[in-house]
Every structure is written in C-alpha cells, then in structure tokens.
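Counting with the UniProt record's numbering, you get residues 55 to 443 for the letters of the sequence shown.
Built from N, CA and C at the ideal position, the CB exists for glycine as well.
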Amino acid sequence: DDSHRGSLFWGSPVKLEDHESASAHVAAHDSPGEGIEACIGNTPLIKIRSLSEATGRTILAKAEFLNGAGNSPKDRVALNMIREAEAQGLLVPHRGDTIYEGTVGSTGISLATLARAKGYRAHICMPDDMAMEKSDLLLQLGATVERVTVAPITSPNHFVNLARRHAAEHSEKHRDGSQGFFANQFESEANWQAHLKSTGPEIWRQTNGELDAFVAGAGTGGTMSGVAKYLKEEQKLSTVKIVLADPQGSGLYNKVRHGVMYSPTEREGTRRRQQVDTMVEGIGITRLTQNFEAGRELIDDAVRVTDEQAFYMARWLVEHDGIFVGSSSSVNCVAAVATAMTLPPGSQVVTILCDSGSRHLSKFWKHIKEMDHTGDNEASDLFSELGIP
Ligand code: PMP
55 DDSHRGSLFW GSPVKLEDHE SASAHVAAHD SPGEGIEACI GNTPLIKIRS
105 LSEATGRTIL AKAEFLNGAG NSPKDRVALN MIREAEAQGL LVPHRGDTIY
155 EGTVGSTGIS LATLARAKGY RAHICMPDDM AMEKSDLLLQ LGATVERVTV
205 APITSPNHFV NLARRHAAEH SEKHRDGSQG FFANQFESEA NWQAHLKSTG
255 PEIWRQTNGE LDAFVAGAGT GGTMSGVAKY LKEEQKLSTV KIVLADPQGS
305 GLYNKVRHGV MYSPTEREGT RRRQQVDTMV EGIGITRLTQ NFEAGRELID
355 DAVRVTDEQA FYMARWLVEH DGIFVGSSSS VNCVAAVATA MTLPPGSQVV
405 TILCDSGSRH LSKFWKHIKE MDHTGDNEAS DLFSELGIP
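See below:
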C-alpha cells in the first residue's frame with residue numbers, strides 16, 4: 055500500500071487556494087516511503103538558466119528523469135495502469151500474472167520495475183531500432199523482451215499488436231490460473247489520467263499557476279493530454295498556450311497545424327519507411343491514438359523540430375547547464391525556446407525533461423559525439439533559427 059504518499063500523487067486535484075495543505079503533504083516526505091512506488095512523482099521543476107538568459111523568458115523544465123522506478127514520466131503511467139487493473143481484478147499479485155506491453159522502452163522499463171515490486175511478470179515487445187540500453191535494462195529487470203522488426207500498425211506483427219495478442223493467448227498457454235494483462239498505454243485512459251492526477255497538479259503548484267505555455271512532445275500523447283486537461287479544464291487557465299513539440303517525420307505537427315497528418319505523397323513515403331524518420335526516440339507518431347485525441351482540441355500550436363536542432367540543443371544543455379538528457383527532452387527544449395520567442399519577454403514556459411542521456415548513449419549521443427564540433431557557432435545558428443536575435 056503506497057497510500058501514505060498518495061495523498062499528494064493520487065489525491066484530488068489541488069486548487070491554488072489549497073496551497074497550504076499541499077505543502078503539508080510534501081512534509082510527509084520526511085517519513086519513510088512504502089517501497090519504490092514512493093519514488094514516483096513530485097519531481098523538481100527547474101529553471102534552465104542558459105535558455106532563460108538567451109531568450110529573456112523563463113524556461114522551466116520538469117525533471118521527469120528523476121522518477122525513481124523507471125526514471126521517466128512513464129513511472130506515473132505504469133503505476134496508474136497497474137493500480138486500475140488491480141482494482142478491476144485483472145491483475146492479482148503473486149498469481150503468475152504477466153503484464154504485456156508494446157513500448158519503445160520507457161513504459162516497458164517502468165512496468166518491468168513495478169512488476170517486480172508488486173509480484174507480476176512483464177513481457178515487453180519493442181521495435182528493434184531502439185537503443186540497446188533499453189532492452190539490456192529490461193532483461194536485467196527480469197522482463198522477457200521481444201525486439202520486433204519495425205512494421206506498420208496495420209501489421210499483426212507491429213510491436214503493439216504482438217503484445218495484445220500475447221496477452222489474449224496467455225491463459226491458453228499457461229493453464230495455471232494466471233492471467234495476461236495488456237497494459238495498452240497508447241489507448242488506455244489510465245495513461246493521460248495519471249498526468250491529470252499528478253504531473254498537471256505538480257506543475258500548477260510549482261509555478262503557483264503562473265505559466266504562459268506548456269510545451270511537450272507526444273508519443274502516446276498521455277503527457278500532453280493529461281497536463282493540458284488539468285491546466286485548461288480543471289484549473290480553467292484559458293491563457294496558457296499548449297504547444298506540441300514534434301520531431302521530423304511525425305504526422306502530429308501537420309494534424310495540429312493543418313488538420314491532416316500527411317499529404318498523399320508524404321503518406322506514401324511514410325508507408326514505405328513504415329516509421330517516423332528520426333533519431334529521436336519516444337515522441338512522434340504516424341497515427342492518432344486515444345491518448346492524443348483525449349486532449350487534441352486543447353492544443354494551440356505545434357513546433358516541428360529537426361534532428362539536427364535536437365543534437366545541437368542536447369550538446370548545448372550539457373555544456374552550459376550540466377543537464378544531460380535524451381532525445382525527446384532535447385526536442386522539447388528546442389520547441390520551448392521557439393515558443394518562448396513568440397511570447398512577451400518575462401513569460402514563463404514549462405516543458406518536460408523525459409529521460410537521461412545515459413539511456414541514449416549508443417544511438418542519439420553516439421551521433422552527437424561523432425559530429426564535428428564547431429563550438430558556440432552551431433548554437434548561435436540554432437538560436438537564430440528559433441528567433442533569438
Ligand atoms: N519521451 C520518451 C523518452 C518517451 O519514451 C515517451 C513515451 N513514449 C515520451 C517522451 C512521450 O510521452 P507520452 O507517451 O506521454 O506522449
């Protein structure tokens with residue numbers, strides 16, 4: 055039972071006038087937490103000094119890599135999906151139940167960790183072009199892992215469809231009374247609701263409700279929808295701009311900007327490549343998911359970020375701020391800067407640092423290491439592209 059800290063993470067949304075009682079809950083951190091679940095949520099919101107100075111706006115980032123189970127915002131989602139499944143009797147601890155999931159990595163890592171903590175097995179299906187760190191880590195956590203050849207969502211062998219099928223076939227294969235549970239992060243409401251219940255309220259408290267924009271990428275869309283719903287619907291903050299950060303090759307930018315995901319020629323190209331054409335992992339997608347749809351109407355604008363911009367930003371952040379992040383965090387920071395420059399000086403922009411660079415050493419950061427390094431020249435090119443004089 056992790057209810058003692060749940061007063062903050064799972065409690066009803068905190069209104070601004072409840073600020074005092076919210077800080078009373080924070081004090082509960084001084085007492086021991088119940089298991090690894092107690093390391094989930096309540097991540098710091100940090101000012102990125104170099105970007106704030108460069109833009110003349112305040113760039114704030116939620117350090118989600120500090121979620122201490124699987125080290126990403128997916129800890130919040132995995133915990134909520136498991137708790138909902140338990141409440142519905144779909145998962146029973148220590149019965150041999152297996153959680154099946156299709157994931158590019160982060161959700162699998164969070165599910166595998168919490169499965170260990172709560173008495174389940176985890177079976178993870180992931181595309182075979184993701185960084186090896188992630189599948190190595192999953193194996194160390196005791197999950198079984200299938201790295202699946204990249205296939206379109208219409209194929210029965212797409213990693214999500216494979217996980218769904220394994221879950222459906224579990225009982226037939228095991229015949230020991232254990233059940234299979236398909237977590238289904240892309241379509242499950244428990245995903246965006248985790249952010250509505252925790253990430254959104256935390257950002258609200260940490261900014262005292264004073265933010266002019268929230269900028270985030272979408273993989274499932276859960277973070278974007280949950281936080282946007284909290285700010286705009288629960289808190290009725292109509293002035294906040296919700297901005298999607300989208301990597302090259304994803305269809306979401308066009309959907310937000312122009313109402314369609316791809317032009318016919320782009321669609322054909324995407325079909326041929328069968329995936330989003332980017333080095334960025336975890337965000338950008340070529341289909342509309344329930345989690346994205348849940349909050350789509352709340353999105354005000356989208357920024358498309360090239361891989362090159364993401365490489366430069368990642369290197370800038372480590373060189374100037376000692377912030378070492380993965381590819382999706384870097385995309386978010388590029389889009390946060392671009393968004394900040396559309397707002398008056400002094401505005402506050404909040405974005406998400408999803409995971410650490412250490413999870414991307416063999417792909418994203420390997421590429422950065424191999425690039426020619428021209429020092430601050432490349433950064434001044436990047437910044438001028440983003441509208442900084
Ligand atoms: N960054 C990383 C590293 C991720 O793995 C994910 C989730 N796939 C995201 C960002 C995007 O989060 P969401 O699924 O809530 O859109």
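Problem - CA-to-CA distance, C93 to I422, given in whole angstroms - result: Spanning the two alpha carbons is a distance of roughly 31 Å.
Exercise for the section: Go through its chain and collect everything with a Cβ distance to I377's Cβ below 6 Å, but skip five positions before and after it. Expected result: Shown here for I377: same chain residues with a beta carbon closer than 6 Å to its own, the five before and five after excluded, namely L371 in chain order.
Exercise for the section: Identify every run of the beta strand (DSSP E) within the segment 220-294, keeping only runs that are complete inside it and at least 3 residues long; order them along the chain. Expected result: The DSSP assignment places complete beta strand (DSSP E) segments of no fewer than 3 residues inside the segment 220-294 at 234-236 and 267-270, in order along the chain.
Problem - Residues bridged to R355 (per DSSP) - result: The residue asked about is misnamed: residue 355 is Asp in this sequence, not Arg. The bridge partners DSSP lists for D355 are V297.
Practice task
Assign D300 to buried or exposed, taking buried as 16 or more other Cβ atoms, counted over all protein chains shown, within 10 Å of its Cβ.
Solution key: The residue in question, D300, is buried, as its Cβ has 16 or more Cβ neighbours within 10 Å.
Handout entry: Complete alpha helix (DSSP H) runs within the segment 361-428 (minimum length 4 residues, chain order)
Key = As far as the segment 361-428 is concerned, its whole alpha helix (DSSP H) runs of at least 4 residues are 361-375, 381-394 and 418-424.
Handout entry: the segment 204-221 contacting the segment 146-157, beta-carbon criterion three pairs below 8 Å
Key = Touching, yes.
Practice task
Could you check what DSSP says for E155 in three-state terms: helix, strand or coil?
Solution key: In this structure, E155 counts as strand in the three-state DSSP scheme.
Handout entry: Between the CA atoms of R111 and G400 - distance to the nearest angstrom
Key = Put simply, the backbone Cα of G400 is about 5 Å away from that of R111.
Exercise for the section: Find out if the Cβ-Cβ distance for the pair V391, D354 is shorter than 8 Å. Expected result: D354 is positioned such that its CB atom lies no closer than 8 Å to that of V391.
Exercise for the section: Rounded to whole angstroms, what's the CA-CA distance from A267 to T393? Just pull it up for me. Expected result: Cα to Cα, the separation comes out at about 8 Å.
Practice task
Put L120 into one of helix, strand or coil per three-state DSSP.
Solution key: Of the three classes helix, strand and coil, the one that applies to L120 here is helix, per DSSP.
Handout entry: Touching by the beta-carbon criterion (3+ pairs, under 8 Å), the segment 256-266 and the segment 168-177
Key = No: fewer than three Cβ pairs fall under 8 Å.
Exercise for the section: Buried or exposed for N369, please, with buried defined as at least 16 other CB atoms from any protein chain shown within 10 angstroms of its CB. Expected result: A small correction: the amino acid at residue 369 is Arg; Asn does not occupy that position in the sequence shown. Buried, by the Cβ-count rule.
Problem - Range covered by the beta strand (DSSP E) that runs through R175 - result: In this chain, the beta strand (DSSP E) harbouring R175 covers R175 to P181.
Handout entry: Element boundaries [beta strand (DSSP E), containing V314]
Key = In the DSSP annotation of this structure, V314 is not part of any beta strand (DSSP E), being labelled neither H nor E.
Practice task
Could you say which of A185, E187, Q142 and N121 lies nearest to L168 if we only look at CA atoms?
Solution key: For L168, the nearest C-alpha among the options comes from N121.
Exercise for the section: Verify whether the separation of the beta carbon atoms of Q233 and L352 is less than 8 Å. Expected result: No, Cβ-Cβ distance for Q233 and L352 is not below 8 Å.
Practice task
Please say whether E138 and S126 have beta carbons closer to each other than 8 Å?
Solution key: Taking 8 Å as the cut-off, the beta carbon of S126 is found no closer than this to the beta carbon of E138.
Practice task
Tell me whether N431 is buried or exposed, calling it buried when 16 or more other Cβ atoms sit within 10 Å of its Cβ.
Solution key: Exposed.
Handout entry: S164 Cβ short of 7 Å to ligand 1 heavy atom set
Key = No, Cβ of S164 sits at least 7 Å from all heavy atoms of ligand 1.
Practice task
Give the range of the beta strand (DSSP E) segment to which V202 is assigned.
Solution key: Per DSSP, V202 belongs to the beta strand (DSSP E) from T198 to V202.
Exercise for the section: Would you list the residues sitting across from I113 in a DSSP beta bridge? Expected result: The partner list for I113 (beta bridge, DSSP) reads V403.
Practice task
Evaluate the contact criterion for the segment 267-285 versus the segment 100-108: three or more CB pairs, one atom per stretch, below 8 Å.
Solution key: The segment 267-285 vs the segment 100-108: no contact.
Exercise for the section: Return yes when at least one heavy atom of ligand 1 lies under 7 Å from the C-beta of E241, else no. Expected result: Placement of the Cβ of E241 at a distance of 7 Å or more from every heavy atom of ligand 1 is found.
Problem - Near ligand 1: I257 beta-carbon under 7 Å from a heavy atom - result: Not one heavy atom of ligand 1 sits closer than 7 Å to the Cβ of I257.
Exercise for the section: Note down the Cα distance separating A205 from K251, rounded to an integer number of angstroms. Expected result: Straight-line measurement puts the Cα of K251 at about 34 Å from the Cα of A205.
Practice task
Indicate the three-state DSSP secondary structure (helix, strand or coil) for I90 in the structure shown.
Solution key: In this structure, I90 counts as helix in the three-state DSSP scheme.
Practice task
Measure the alpha-carbon distance for K283 versus G271 and round it to whole angstroms.
Solution key: Distance between the alpha carbons of K283 and G271 is about 15 Å.
Problem - Inter-residue spacing [alpha-carbon to alpha-carbon] between G276 and E241 - result: Using only the alpha carbons, I get a separation of about 9 Å.
Exercise for the section: Please list, in chain order, all residues of the same chain as H148 whose beta carbon is under 8 Å from its beta carbon, the five residues on each side excluded. Expected result: Same-chain partners within the cutoff: G173.
Problem - S412 burial status per 10 Å Cβ neighbour count (16 or more: buried) - result: Classified as exposed, S412 has fewer than 16 neighbouring CB atoms from the shown chains inside 10 Å of its CB.
Practice task
Just mark M186 as buried or exposed, buried being the case when its beta carbon has 16 or more other beta carbons within 10 Å.
Solution key: It counts as exposed.
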